[in-house]
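The next block holds one structure in the form of structure tokens; read it before the comments.
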Amino acid sequence: MSGPRIGILALQGDVREHARALSDVGARPVEVRRTAELAAVDGLVLPGGESTTIGRLLRVFELLEPLRAAVVAGLPVFGSCAGMILLARDVVDGRPDQPLIGGLDMVVRRNAFGRQVDSFEVDLDVDGVEGPPVHAVFIRAPWVEKAGDAVEVLARVAEAPVAVRQGPLLATAFHPELTGDSRMHRLFVDIVRSSGSGR
Amino acid sequence: MVPDWSEKRRHIMSQGQTAATAGPATDSARHAGTARVKRGMAEMLKGGVIMDVVTAEQARIAEDAGAVAVMALERVPADIRAQGGVARMSDPDMISEIIEAVSIPVMAKARIGHFVEAQVLQALGVDYVDESEVLTPADPHHHIDKWSFTVPFVCGATNLGEALRRLAEGAAMIRSKGEAGTGEVSNAVVHMRTIRAEIGRLSALPAEELYAAAKELRAPVELVTEVARLGRLPVVLFTAGGIATPADAALMMQLGADGVFVGSGIFKSGDPARRARAIVEATTMFNDPDVLVKVSRGLGEAMVGINVAELPSAARYADRGW
Chain A
1 MSGPRIGILA
11 LQGDVREHAR
21 ALSDVGARPV
31 EVRRTAELAA
41 VDGLVLPGGE
51 STTIGRLLRV
61 FELLEPLRAA
71 VVAGLPVFGS
81 CAGMILLARD
91 VVDGRPDQPL
101 IGGLDMVVRR
111 NAFGRQVDSF
121 EVDLDVDGVE
131 GPPVHAVFIR
141 APWVEKAGDA
151 VEVLARVAEA
161 PVAVRQGPLL
171 ATAFHPELTG
181 DSRMHRLFVD
191 IVRSSGSGR
Chain B
1 MVPDWSEKRR
11 HIMSQGQTAA
21 TAGPATDSAR
31 HAGTARVKRG
41 MAEMLKGGVI
51 MDVVTAEQAR
61 IAEDAGAVAV
71 MALERVPADI
81 RAQGGVARMS
91 DPDMISEIIE
101 AVSIPVMAKA
111 RIGHFVEAQV
121 LQALGVDYVD
131 ESEVLTPADP
141 HHHIDKWSFT
151 VPFVCGATNL
161 GEALRRLAEG
171 AAMIRSKGEA
181 GTGEVSNAVV
191 HMRTIRAEIG
201 RLSALPAEEL
211 YAAAKELRAP
221 VELVTEVARL
231 GRLPVVLFTA
241 GGIATPADAA
251 LMMQLGADGV
261 FVGSGIFKSG
271 DPARRARAIV
281 EATTMFNDPD
291 VLVKVSRGLG
301 EAMVGINVAE
311 LPSAARYADR
321 GW
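So the protein sequences, as listed, match chains A and B.
Residues 1 to 199 (this note's numbering) make up the first sequence, in order.
Residues 1 to 322 (this note's numbering) make up the second sequence, in order.
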């Protein structure tokens, strides 16, 4: 039996790293740039990248509304960093006109930890991930400023939530795709499997 | 102090493994400025366009167009060529204004070997330093020891050996040099093809021949071995120098670039905002001729070009650095 077919939004960002992590846990990664490609996946990853760039390209290539519809219809989505921002209801310190997909009932603060010289690595305990802490890489990372009751916080740095889940939507402020530890991707693939692939 | 390459190498390798150390995440356990954080930043720029800007207004135009980062500098390469004189790091006030103006990363250029300009840029809070041949080199023998900085560096290269020497010095991102300020893409093509071909040759070598290959490339054997194993550089490889049209950007992406720097090509053209958007879209859909047709229409005047073949060797920036 082959693994679920998981799309990676490939407009801009670290697509290759997510593809490798998904392959490591038995999923079949495919790049998504068009609406038709979106229709053929069991789950979707929104990679790290620049959220303003990806947001603008979502609009230009007419993917924004189909993606919003897919999220409403229950498509499992995992966003890291820029992907977390795209899944938010609202963004602080971003661009006022920045297009968001939404789905997670949360407000995120962009570049919350500072500029690149403040980017860091740290070991994090993540709820739902067995074994030793997850080694988390934060790069000009956001954090969750406000979250609704339906949002489950899986990990925090200091007080700020940096990993969250709401139903089939998963988001991290850090980049599990950069470390070779694929447990976050395994968690996502489990979410995809339990949501019943073949929507 | 002589940098201990093998020590740094071990440091990088140890970061390549899953951390086994347990314990709560406290602020004291945070590590900034690691090779992974520096290289990772460049991974997030992949598939994107980084645009040269000289004012906050241009930076906003670039951000609106979908640039993944801007390069703040005083004069674009075409003007440095035209006006001559010594080209240095930009005015800190101008860089700060640009940092304030946009939410995307801001890069800035330091002269080759000018580690104090790099210190100033780091203190200003720029997100990446470009140790750039476009500025007048400050040291004819030594590039900056980039390991000693928290801010990551991007460096230019015309071939694989040059790229690996920059990585050995701590660069976290490489761009093929091209010939900046010409609007002529041929050197970017040659440099990208050269790097790709040399990587291809390394990958085909038996392990015992990598030592001699390292000697020929004048690069550390550890890096040569890593490139041979990966079949690519261990960092992101962008392209630069002469990209002026959406088709140029798509050409470089099809030749294997991870992303594109555009210097003079945008703000020296007739309609910068439109050309900037077109180059961003062409870089994303570089394999789709239908999109390339669409974005290439109605762009107005491209920058006036200079044929690289007509440049005297002293005017060739790509020859700076080694």
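All residues carry an ideal CB built from backbone N, CA and C; glycine is no exception.
Since we're looking at a predicted model, the values are computed, not measured.
In terms of beta-carbon proximity, A:LEU178 lines the interface with chain B, with at least one pair separated by less than 9 Å. The residues VAL68 and GLY259, in chain order, have a CB closer than 6 Å to that of B:GLY48 in the same chain once the five nearest residues on each side in sequence are set aside. Using beta-carbon distances, B:TYR128 counts as an interface residue toward chain A, with a partner under 9 Å. Listed along chain A, the residues sitting closer than 7 Å to B:ILE104 by beta-carbon distance are GLU50 and THR52.
The distance from the Cβ of A:LEU104 to that of A:ALA173 is about 12 Å, inconsistent with a contact at the 8 Å cut-off. When the five nearest sequence neighbours on each side are left out, the beta carbons in the same chain lying within less than 8 Å of the beta carbon of A:PRO4 are those of ALA27, ARG28, ASP42, GLY43, VAL189, VAL192, ARG193 and SER197, in order along the chain.
Minimum Cα-Cα distance from B:GLU57 among the listed residues B:ALA87, B:VAL185, B:HIS141 and B:SER96 corresponds to B:SER96.
In the three-state reduction of the DSSP assignment, A:SER195 falls in the coil class.
The Cβ neighbour count for A:LEU58, taken over all protein chains shown within 10 Å, is at least 16; the residue is labelled buried. Residues of the same chain with a CB within less than 8 Å of the CB of B:GLU117, apart from the 5 flanking positions on each side, are ARG88, MET89, ALA110, ARG111 and ALA138 in chain order.
Contact annotation: B:SER186 and B:VAL262 have beta-carbon atoms that are not nearer than 9 Å. DSSP places B:ILE98 in the helix class (H, G or I) of the three-state scheme. Taking the beta carbon of B:ARG275 as reference, no residue of chain A falls within 9 Å; the closest one sits roughly 15 Å away. A:VAL192 is outside the set of residues whose beta carbon lies under 9 Å from a beta carbon in chain B.
DSSP, reduced to helix, strand and coil, places A:SER2 outside both helices and strands of the structure shown, so it counts as coil. If you draw a straight line from the Cα of B:ALA250 to the Cα of A:GLY128, it is about 42 Å long.
For the region 172-199 of chain B, no residue has a beta-carbon sitting nearer than 9 Å to a beta-carbon of chain A. DSSP places A:TRP143 within a strand segment (E or B) once states are collapsed to three.
Residue B:PRO77 holds the alpha-carbon nearest to the alpha-carbon of B:PHE267 among B:ARG297, B:GLU198, B:THR150 and B:PRO77. DSSP assignment within the region 107-176 of chain A yields no whole alpha helix (DSSP H) run of 4 residues or more. Neighbours of A:LEU154 in chain B, taken as residues at a C-beta separation under 9 Å, are lacking, since the least C-beta distance is about 13 Å.
B:ALA82 and B:GLU133 have their alpha carbons spaced roughly 16 Å apart. In the displayed model, B:SER148 falls within a helix according to three-state DSSP.
Going by beta carbons, B:VAL227 and B:LEU202 fall inside the 9 Å limit. For the set B:VAL293, B:ASP130 and B:ILE99, the Cα lying nearest the Cα of B:HIS114 is the one of B:ASP130.
In summary, B:TYR211 is exposed, with fewer than 16 beta-carbon neighbours lying within 10 Å of its beta-carbon over all protein chains present.
The DSSP assignment places complete beta strand (DSSP E) segments of no fewer than 3 residues inside the region 104-134 of chain B at 106-111 and 128-132, in order along the chain. Where B:ALA250 is concerned, the enclosing alpha helix (DSSP H) starts and stops at 246-254. Chain-ordered listing is empty here: chain B has no CB closer than 9 Å to the CB of A:ARG186, the nearest sitting near 13 Å. Residue contact with chain A for B:ARG297: absent (no Cβ-Cβ distance below 9 Å to any residue of chain A). Contacts between A:LEU44 and chain B, judged by CB atoms closer than 7 Å, are missing: the closest CB pair is about 17 Å apart.
Within 8 Å of the CB of A:GLU17, the CB atoms of chain B belong to GLU43, in sequence order along the chain.
A:VAL108 is positioned such that its CB atom lies no closer than 9 Å to that of A:VAL72.
Contact between the region 173-182 of chain A and the region 137-157 of chain A is present, with at least three C-beta pairs closer than 8 Å. Where A:LEU46 is concerned, the enclosing beta strand (DSSP E) starts and stops at 43-46. Flagged as an interface residue toward chain A: B:PRO152, by a C-beta distance shorter than 9 Å.
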